[in-house]
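Inspection log for the structure reproduced underneath, given as structure tokens.
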Amino acid sequence: MRRSVLVAATAIVATVVAGCSSDASPGPTPSPTTASGTPTGGPTKISFLAYGAPEEVTAYRAMVHSYNVANPEVKVSLVEVASADAAVRQLREGHVPDVFLMSRRDLSEVVDAGLNQHIDELLDSRGVDFTDDYKRDSIRAFSHDEHLECMPYGISPMVMYYNTNLLDFSEMREAKLPTPSSHATWTWEQFAAAATFGSRYGAKGVYIDPTLLGVAPFVYSGGGSLFDDDREPSRLDLESGSSLDALTKSMELLRQGAVTPTPRQLRSSSALQMFKDGKLAMIAGFRTLTPELRKAPGLSFDVMPMPALPDDRTVGDASGLCISAKAVNTSAAADFVVHAIGKDAVSQVAAAGYMVPTNTAVSESDAFLQKDRMPAHAYVFNRSVKDIVTLPLIDAWPALEKAVHSDIYQLFYNRVIDIEALTKKIDEESKAILSPPSPSATPTPTASPTS
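Numbered by mature numbering (1 follows the signal peptide of the UniProt record, and there is no 0), the letters in the sequence shown go through residues -18 to -1, 1 to 433 in order.
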């Protein structure tokens, strides 16, 4: 079983950006061509696979339309699917468009299958500036073996959404409670005080999803790690040192029934619905939650980073634009990618509110920040990008979550737990997914039954 494509180190990012000359033009200008280099027999046809909520897909349609109007020698056709999972299913079935949007979590599968081609030199030759125009953490996330596999497009860190009616920092300050001085960071003690303050009759303080991804920010913030090796993991590592200490400290709060929703309450209403209904003060989530929360009647919300325990750490997901290894016209495909990652095109998609653009000019503009809409402190998403821990690329992540779900759930909800024994069990169970035993060789006639 493939386990991961090695995550690129900072040196790889330096290698990628080194190709950008200092006298490169400030704005890349695509120049579409046909396969023969001149228009013959009609426009060059390029297919582009994109996914997202209906509002996002509408924005992709507008972006493709504007490109086709400006470049009549090229005809880009949009292939629409609902989600990243649906996109990768299409790729598995052999339907690989010339350009496709993909979640980073599927990068190892795509690279191992040879479905994409390196994109760094194609974009560098078209004047794309990797050094300043795009978030470096996202460049690192899509790099492998000193090459950029796909161009980072969107990135979303996990942050803490909070109900501003249930959680008023001014009131906490007046009550002499530990309170953050800004929305840039907050300590575990301030977070715990907020969870307690937000808990009252008819409302709970905080909800964290009882999954590996849910506990990951707390483990890494406390100096631990989910895995025994961040490049080629063979098992989880929750029982070791700092990981166990971080889990122990976080569970002291997250297991409190007075602060967090009980299983019975969650059977009646999901945590997200409780938050929408004003019955939950805080919930961890990604940027994709924002448009949905904006539609909740009467809900007033904002965002904070994940709490520091003591380090600022979080997890996230990224999307990237890839060019097929069998693109009908690689040059035309690369020209379209340059357009798609440009400020105007990204602004169209970012306006839908679902993603944090890797294009820094857009992520720092009102196209993303949307200062007249919630959340008021959207810059928290930008600031938290640098805190994202780049997790190993594991093809079997859903199987890993499933294998340990029951025990992770017990960490949160069993009345009495032995956290050392439980984390050891979780780590042991993970081996079957991360380092499954090789098929046994056929025993020789002299081999013992246990050899």
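Built from N, CA and C at the ideal position, the CB exists for glycine as well.
Note: Ile265 is bridge-paired with Tyr143 and Tyr189 in the DSSP secondary-structure output. Take the alpha-carbon of Ala414 and the one of Asp80: they are about 37 Å apart. In this chain, the alpha helix (DSSP H) harbouring Ile121 covers Arg118 to Ala123. By the Cβ-count criterion, Asp409 is buried, with 16 or more other Cβ atoms from all chains shown falling within 10 Å of its own Cβ. Beyond the five residues adjoining it in sequence on each side, Glu91 comes within less than 6 Å, by CB distance, of Asp377 in the same chain, given in chain order. In this structure, the beta-carbon distance from Ala314 to Thr26 falls below 8 Å. Taking a cut-off of 8 Å for Cβ pairs, the segment 280 to 289 and the segment 206 to 217 do not touch, as fewer than three such pairs fall below it. Two segments are said to touch when three or more pairs of C-beta atoms, one from each, lie closer than 8 Å; by this definition the segment 25 to 43 touches the segment 59 to 71. Leu73: not part of any beta strand (DSSP E); member of the alpha helix (DSSP H) spanning Ala66 to Arg74, first to last residue.
Short of 8 Å from the beta carbon of Pro245, and not among the five residues preceding or following it, lie these beta carbons of its own chain, in chain order: Tyr395.
Gly187 sits buried, since 16 or more C-beta atoms from the chains shown fall within 10 Å of its C-beta. Here Gly223 is exposed: its Cβ has fewer than 16 other Cβ atoms, across all protein chains shown, within 10 Å. Distance from the CA atom of Met140 to the CA atom of Gly24, rounded to whole angstroms, is 46 Å.
Here Leu393 really is in contact with Met233; their C-beta atoms are around 6 Å apart, less than 8 Å. Taking a contact to require three or more Cβ pairs closer than 8 Å, the segment 247 to 259 and the segment 333 to 345 do not qualify as touching.
In summary, Tyr391 is exposed, with fewer than 16 beta-carbon neighbours lying within 10 Å of its beta-carbon over all protein chains present.
Beta-carbon to beta-carbon, Tyr143 and Arg295 are separated by about 18 Å, too far to satisfy the 8 Å threshold. DSSP, read as helix, strand or coil, puts Thr40 in helix. Secondary structure at His47: helix, using DSSP grouped into helix, strand and coil. Spatial neighbours of Tyr49 in its own chain (CB-CB distance under 7 Å, excluding positions within 5 residues in sequence) are listed in chain order as Val58, Phe318 and His321. Close CB contacts of Ala266 within its chain, under the 6 Å cut and outside five residues either way in sequence, are with Met140, Met142 and Ile190 (chain order).
Between Leu382 and Ser417, the C-beta gap is not smaller than 8 Å, which leaves the two residues out of contact. When secondary structure is reduced to three states using DSSP, Leu159 falls in the coil class, being assigned neither helix nor strand. The beta strand (DSSP E) runs of length 3 or more contained entirely in the segment 244 to 292 are, from start to end of the chain, 262 to 267 and 283 to 286. Remark: C-beta atoms of His359 and His165 approach each other more closely than 8 Å. Under the DSSP assignment, Tyr336 falls outside any alpha helix (DSSP H); it carries neither an H nor an E label.
Minimum Cα-Cα distance from Lys308 among the listed residues Leu375, Asp115, Leu97 and Tyr336 corresponds to Leu97. Buried is the label assigned to Lys117, since at least 16 other Cβ atoms lie within 10 Å of its Cβ. Residue state for Asp299 is assigned as strand, using DSSP reduced to three classes. With at least 16 other beta carbons inside 10 angstroms of its own, Val93 counts as buried. DSSP places Met233 within a helical segment (H, G or I) once states are collapsed to three. Rounded to whole angstroms, the gap between the alpha carbons of Ser250 and Pro243 is 11 Å. By the 16-neighbour rule on beta-carbons within 10 angstroms, Ala52 is exposed.
Per DSSP, the continuous alpha helix (DSSP H) segment holding Ala349 begins and ends at Asp348 to Leu351. Of the residues assessed, Thr230 falls on the exposed side of the cut-off, its CB having fewer than 16 other CB atoms within 10 angstroms.
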